[in-house]
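Counting from 769, one number per residue, gives the positions in the sequence shown under my numbering. We treat Cβ as the ideally placed atom computed from N, Cα and C, and that holds for glycine. All values derive from a computational prediction rather than experimental measurement.
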Amino acid sequence: MCLRITLYAIPFSTHTEAGPKLDVQQVLSTVDDGGGTACGVENARVTYLDSHGQKRAFEYIKFADSCNEGR
């Protein structure tokens, strides 16, 4: 029996099916619903300026920061 595994690296800035490619010139702020110690999914929001100087915001879900701290 032979198992072949091929891994592909995907650049962070590549457009994915998960969402649109954003035109971000400068990040103004990032906030999330976190604050708890439990690992889980939480809402987050990034406010940014696009390449035309327009202030925009993008809301998304992410794993809580505590998920990366070995808790």
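Legend entry - Contacting residues, own chain, Cβ-Cβ under 6 Å from S797 (five flanking each side not counted): T815
Inset, instruction - May I ask you to list the residues that DSSP assigns as paired with D800? - result: A812
Legend entry - Cβ-based burial, A832 [other Cβ within 10 Å; buried from 16]: buried
Legend entry - Close-in-space but distant-in-sequence residues of the same chain around I829 (CB under 8 Å, 5 per side omitted): V809, E810, N811, A812
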